[in-house]
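Under the numbering used here, think of the first position of the sequence shown as 8, with each following residue one higher. Since the structure comes first, as structure tokens, the remarks are kept for the end.
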Amino acid sequence: MSKQREHWGTKLGFIMATAGSAIGLGSLWRFPYLTGENGGGAFVLLYVLFTLMIGIPIFISELIVGRSSQQSAIKAFMKLAPKSNHWHLLGWLNILTALFILSYYSVVAGWTVNYALMSLTQFTQGKTPDEIRSIFDILYVSADINIFWHFIFMLLTAGIVFGGVRKGIEYWSEILTPALLIILVGLFIFATTLPGFKQACYFTLYPDFSKLTATGILEALGMSLFTLSIGIGAILTYGSYMQSKSDIPKTGFIIGAVTAGVSLFGALIIFPITFTFGFAPEEGTGLVFKTLPVLFTQLPGTLIISTVFFILFIFTALTSSISILEVIVANLIEILNWTRKKAVIVSSIVAFLLGIPTALAGSGLLFGNWKKMYGKDFFTTLDYVCGSWLMPLGGLFIAIFVGFVMKRARVKEEFLKGTTMNRFLNVWLFLIRWLVPIAVFIIILEKSNIININNIVQQIIRQEI
Ligand code: PHE
Numbered sequence: 008m009s010k011q012r013e014h015w016g017t018k019l020g021f022i023m024a025t026a027g028s029a030i031g032l033g034s035l036w037r038f039p040y041l042t043g044e045n046g047g048g049a050f051v052l053l054y055v056l057f058t059l060m061i062g063i064p065i066f067i068s069e070l071i072v073g074r075s076s077q078q079s080a081i082k083a084f085m086k087l088a089p090k091s092n093h094w095h096l097l098g099w100l101n102i103l104t105a106l107f108i109l110s111y112y113s114v115v116a117g118w119t120v121n122y123a124l125m126s127l128t129q130f131t132q133g134k135t136p137d138e139i140r141s142i143f144d145i146l147y148v149s150a151d152i153n154i155f156w157h158f159i160f161m162l163l164t165a166g167i168v169f170g171g172v173r174k175g176i177e178y179w180s181e182i183l184t185p186a187l188l189i190i191l192v193g194l195f196i197f198a199t200t201l202p203g204f205k206q207a208c209y210f211t212l213y214p215d216f217s218k219l220t221a222t223g224i225l226e227a228l229g230m231s232l233f234t235l236s237i238g239i240g241a242i243l244t245y246g247s248y249m250q251s252k253s254d255i256p257k258t259g260f261i262i263g264a265v266t267a268g269v270s271l272f273g274a275l276i277i278f279p280i281t282f283t284f285g286f287a288p289e290e291g292t293g294l295v296f297k298t299l300p301v302l303f304t305q306l307p308g309t310l311i312i313s314t315v316f317f318i319l320f321i322f323t324a325l326t327s328s329i330s331i332l333e334v335i336v337a338n339l340i341e342i343l344n345w346t347r348k349k350a351v352i353v354s355s356i357v358a359f360l361l362g363i364p365t366a367l368a369g370s371g372l373l374f375g376n377w378k379k380m381y382g383k384d385f386f387t388t389l390d391y392v393c394g395s396w397l398m399p400l401g402g403l404f405i406a407i408f409v410g411f412v413m414k415r416a417r418v419k420e421e422f423l424k425g426t427t428m429n430r431f432l433n434v435w436l437f438l439i440r441w442l443v444p445i446a447v448f449i450i451i452l453e454k455s456n457i458i459n460i461n462n463i464v465q466q467i468i469r470q471e472i
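Printed below as a string of structure tokens:
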């Protein structure tokens with residue numbers, strides 16, 4: 008197959024698509040609630056630090072593998088490590104992770120479509136805060152509604168990816184990513200006018216290390232991987248559509264900064280509202296869906312604010328979900344020689360079907376005894392397996408691949424090609440070879456309960472006393 012590989016039309020288009028992939032439900036839904044649960048400032052500071060020291064280096068590595076091979080994950084690993092029989096398995100791990108994440112990401116994103124529509128129909132009118140909050144519980148157990156919105160969101164995602172790199176992903180990202188940033192700035196300005204803004208700034212930006220647990224430190228690291236879309240080959244695939252003149256390290260820094268910035272914006276939009284109305288910051292996963300609609304009712308222009316907010320969520324989820332689907336599609340096109348149309352249809356159907364148990368998790372219609380057996384419902388189990396196992400493993404292996412397996416000369420050449428940031432080469436090499444694998448390895452050990460950092464820290468403190 009000597010078909011020419013499609014490339015991004017412009018550098019800006021590439022940046023928008025990659026930023027769109029990174030900025031998503033992770034920054035605007037997961038980050039604020041985890042910040043709330045982990046005590047605020049210190050967690051945020053570590054998240055930023057990890058993004059700089061670990062996230063961005065892995066991000067750069069994925070771009071290097073993608074651009075240098077001009078292939079998606081499976082073929083890329085085969086091409087860059089021709090003597091190894093095993094590295095292509097990392098590509099398969101990427102596809103599996105992408106399928107799993109897409110399946111539940113689409114269900115959560117479906118909720119955002121549902122809330123946008125409910126906002127338009129003014130669902131909060133005449134309801135007490137408790138009634139409004141309980142609507143999420145109703146949605147969560149409504150099997151048919153969940154499946155419907157999951158289907159609609161999958162259809163939107165498939166439609167964009169079907170359009171291909173330039174006409175699909177790049178075109179839509181160039182519209183949706185700036186729109187998202189503009190809406191965010193608008194909401195942020197609105198948030199600054201709230202009485203709780205000052206308290207929210209203090210909570211989000213002042214690092215009080217006494218509130219930080221060792222597990223919180225590791226969660227900040229995991230958060231950084233999730234928000235940067237690392238560990239499933241999405242950035243690798245986008246890198247394979249890069250022009251050879253593009254600056255890889257600079258792209259890494261820009262995307263890292265923008266993503267961390269948006270996560271901060273997310274927190275600084277949500278917490279002022281939380282503090283203004285006296286809610287607890289540690290509201291948990293329901294923070295956005297349960298609390299914000301209640302708060303919107305107390306603000307002027309409920310319909311507009313609420314609708315705009317949830318449309319923002321749809322945009323941000325869509326530019327991420329297309330990058331997840333593209334991982335699967337691009338690999339299938341390459342390894343099975345399929346057309347894009349066939350690859351999109353087959354992988355969307357599989358992801359849709361895989362998402363059904365998640366969509367039904369609340370209703371208990373499928374796997375009714377799942378929670379009793381595994382302690383978490385199907386959706387939460389899948390999120391746990393992907394976020395705590397598959398993504399960190401993917402990140403760990405890509406760091407090892409670039410740090411130790413790929414030819415050093417090729418890695419250096421790819422880093423330096425088109426960049427003005429040559430002086431960072433050795434620092435980056437050090438981070439990717441040592442700091443990144445060790446840190447990610449520690450997360451995996453902690454998550455698997457093989458070590459318990461909380462206990463170790465306690466023991467050290469006790470010994471010192
Ligand atoms: N970064 C996306 C978010 O924050 C999620 C994502 C993970 C996208 C992995 C692509 C790959 O929502």
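From the three backbone atoms N, C-alpha and C, an ideal C-beta is built for every residue, glycine too.
Let me check you understand the geometry: is the CB of residue i closer than 7 Å to at least one non-hydrogen atom of ligand 1?
i	result
F233	yes
I331	yes
L32	yes
I340	no
I239	yes
A29	yes
S327	yes
S236	yes
I142	no
I4	Residue 4 is absent from the model: the chain starts at 8 and stops at 472.
What's the gap between the Cα of residue i and the Cα of residue j?
i	j	result
T281	K378	31 Å
E44	Y381	23 Å
N121	G166	19 Å
F286	H157	30 Å
D144	Y245	37 Å
I189	P300	21 Å
R140	T220	30 Å
M428	G16	24 Å
I463	W396	22 Å
M23	F107	25 Å
V51	P399	20 Å
T25	I405	18 Å
F408	A88	9 Å
A116	L325	8 Å
I363	I356	11 Å
Q466	E453	16 Å
K218	F195	26 Å
S247	I276	35 Å
T387	G369	10 Å
G171	N338	14 Å
F296	K414	48 Å
A241	T128	36 Å
F278	T42	10 Å
I65	T131	43 Å
R12	K174	14 Å
With a threshold of 16 other CB atoms inside 10 Å of the CB of residue i, please say whether the residue is buried or exposed.
i	result
Q78	buried
V418	buried
W441	exposed
K1	Since the displayed the chain opens at 8 and closes at 472, residue 1 lies outside it and no answer follows.
A416	exposed
D151	exposed
E333	buried
E138	exposed
P551	In the structure displayed, the chain extends from 8 to 472; residue 551 sits before or after that span and is not available.
I457	exposed
R2	As displayed, the chain neither begins before 8 nor continues past 472, which places residue 2 out of reach and without an answer.
E420	exposed
G133	exposed
Y213	exposed
S9	Confidence in S9 is poor, its pLDDT being 46 and thus under 50, which makes the residue's placement unreliable; the coordinate value appears in the next sentence. Counting Cβ neighbours within 10 Å, S9 comes out exposed, since fewer than 16 surround it.
Chain C beta carbons: is any one of them nearer than 8 Å to that of residue i?
i	result
I439	Absent here is chain C; the protein component of the structure consists of one chain.
*Write down every uninterrupted run of the alpha helix (DSSP H) in the segment 137-174 whose length is 4 residues or greater and which is fully enclosed by it, in chain order.*
150-169
_Whole alpha helix (DSSP H) elements within the segment 86-138, 4-residue minimum_ = 95-127
*Just list the alpha helix (DSSP H) runs in the segment 296-346, keeping only unbroken ones of 4 residues or longer that don't cross its boundaries, in chain order.*
299-304 and 309-343
_If we require 4 or more residues per run, which alpha helix (DSSP H) segments fall completely within the segment 182-230?_
204-212
*Ignoring anything shorter than 4 residues or poking outside the segment 254-291, list the alpha helix (DSSP H) runs there in chain order.*
255-283
*asked:* If we require 4 or more residues per run, which alpha helix (DSSP H) segments fall completely within the segment 390-444?
replied: 398-407, 415-423 and 432-437
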